[in-house]
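Quick notes on the structure that follows.
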Amino acid sequence: MTSTTTPPTARCHTVLDSPCGPLTLVASGGVLSGLYMEGQRHRPAQDTFGPRDDRPFGEAADQIAAYFAGTRTAFDLELRLEGTPFQRSVWEQLCAIPYGETRSYGRLAEALGSPSASRAVGLANGRNPVSIIVPCHRVVGASGSMTGYGGGIDRKRALLAHERGEGYATTAALF
82 MTSTTTPPTA RCHTVLDSPC GPLTLVASGG VLSGLYMEGQ RHRPAQDTFG PRDDRPFGEA
142 ADQIAAYFAG TRTAFDLELR LEGTPFQRSV WEQLCAIPYG ETRSYGRLAE ALGSPSASRA
202 VGLANGRNPV SIIVPCHRVV GASGSMTGYG GGIDRKRALL AHERGEGYAT TAALF
């Protein structure tokens with residue numbers, strides 16, 4: 082993940098089909114700044130995404146398609162992540178969780194040097210503007226339980242099953 086903090090300029094969006102339903106990708110100044118699922122918690126209002134323009138999203142669309150095809154395990158895209166310094170540090174930690182693995186909120190807080198900040202880590206995780214690419218679905222409760230996910234627990238289970246090589250067959254009908 083390459084992250085830039087340059088203020089956003091013109092925004093535009095596209096919509097991609099995926100096994101977990103339509104994904105809305107948003108670019109600010111030509112750089113990917115959002116990836117949202119239908120019904121996602123904390124999804125910005127549609128009118129903030131700018132006009133539809135597929136041109137800035139070719140590489141992101143290719144990498145997302147490869148991820149769902151099972152041929153890509155990490156993303157290599159420039160991102161414009163808008164958030165507080167703490168949120169951006171949490172999102173950076175999310176990108177360090179290997180494909181097919183999970184981490185607890187507490188473990189992420191420890192990695193950030195703030196072992197008592199697991200709740201704050203959870204709040205930052207929930208505000209991740211680029212789900213899937215910044216893999217917030219890989220964060221679970223301390224016991225390994227499926228805890229909150231902005232795209233819904235069923236999608237979280239489906240993404241984790243996909244990364245374990247189990248495919249979407251059992252959950253595809255949910256989306």
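The opening position of the sequence shown corresponds to residue 82 in the numbering used here, with each subsequent residue numbered one higher. Positions of the beta carbon are idealized from the N, C-alpha and C atoms, including for glycine.
**Report entry** Contacts around Thr87, its chain only, beta-carbon distance under 6 Å, and the 5 residues preceding and following it disregarded
**Finding:** For the purposes of this step, residue 87 is taken as residue 6 along the sequence shown, with counting starting at 1. In this prediction, Thr87 scores a pLDDT of 42, lower than 50, which makes its location untrustworthy; the coordinate-derived value is nonetheless stated afterwards. For Thr87, where only same-chain residues beyond five positions count, there are no Cβ hits under 6 Å.
Requested in this report: Hey, could you find the ends of the alpha helix (DSSP H) His243 is sitting in?
Outcome: As a working mapping, residue 243 is identified with position 162 in the sequence shown. Residues 234-244.
Requested in this report: Flag Thr165 as yes if its beta-carbon sits less than 9 Å from any beta-carbon of chain D, otherwise no.
Outcome: Looking at the structure shown, chain D is missing, and only one protein chain is on hand.
Query raised in the report: In three-state DSSP terms, what is Leu175?
Result: Position 94 of the sequence shown, counted from the start, is the residue given in the question as residue 175. Residue state, collapsed to three classes: helix.
Query raised in the report: Below 9 Å between beta carbons: does that hold for Leu241 and Arg219?
Result: Translated into positions along the sequence shown, residue 241 becomes position 160. Translated into positions along the sequence shown, residue 219 becomes position 138. Closer than 9 Å, so yes.
Query - Same chain, Cβ closer than 8 Å to Val96, five either side skipped, listed in chain order - result: For the purposes of this step, residue 96 is taken as residue 15 along the sequence shown, with counting starting at 1. These residues qualify, in order along the chain: Pro103, Leu104, Thr105, Leu106, Arg133.
Query - Inter-residue spacing [alpha-carbon to alpha-carbon] between Thr129 and Thr183 - result: Along the sequence shown, one-based indexing puts residue 129 at 48. Along the sequence shown, one-based indexing puts residue 183 at 102. Those two C-alpha atoms are separated by around 32 Å.
Requested in this report: Could you spell out the range, first to last residue, of the beta strand (DSSP E) harbouring Tyr117?
Outcome: Looking up residue 117 in the sequence shown gives position 36. Tyr117 -> beta strand (DSSP E) spans 112-118.
Query raised in the report: Which residue's Cα is closest to the Cα of Thr188: Thr154, Pro210, Ile214, Ser224?
Result: Mapped onto the sequence shown, residue 188 falls at position 107. A small fix is needed here, since residue 188 is Arg in this sequence, not Thr. Checked all of Thr154, Pro210, Ile214, Ser224; the closest Cα to Arg188 is Ser224.
Query - 7 Å Cβ shell around Ser170 - same chain, five flanking residues per side excluded - result: Indexing the sequence shown from 1 puts residue 170 at position 89. Excluding residues within five positions, the ones whose Cβ falls inside 7 Å are Leu193.
Query - The beta strand (DSSP E) enclosing Arg92, as first and last residue numbers - result: Residue mapping note: residue 92 aligns to position 11 of the sequence shown, counting from 1. Unbroken beta strand (DSSP E) run through Arg92: 92-97.
**Report entry** Buried or exposed (CB count within 10 angstroms, at least 16 for buried), Ile214
**Finding:** Taking the sequence shown and counting its residues from 1, the one referred to as residue 214 is at position 133. Burial call: buried.
Query - Under 9 Å between C-beta atoms of Pro210 and Tyr148 - result: Within the sequence shown, the letter at position 129 stands for residue 210. Within the sequence shown, the letter at position 67 stands for residue 148. No, they are not a contact pair.
**Report entry** Cα-Cα separation, Gly120 to Tyr230
**Finding:** By 1-based counting over the sequence shown, the position of residue 120 is 39. By 1-based counting over the sequence shown, the position of residue 230 is 149. Their backbone Cα atoms lie some 11 Å apart in a straight line.
Requested in this report: Check the C-beta distance from Ser99 over to Ile145 and give it rounded, since I have them as a contact under 8 Å.
Outcome: For the purposes of this step, residue 99 is taken as residue 18 along the sequence shown, with counting starting at 1. For the purposes of this step, residue 145 is taken as residue 64 along the sequence shown, with counting starting at 1. The Cβ separation is near 7 Å, so the contact holds.
Query raised in the report: Three-state secondary structure (DSSP) at Glu159?
Result: As a working note, residue 159 is residue 78 in the sequence shown. Correct three-state label for Glu159: strand.
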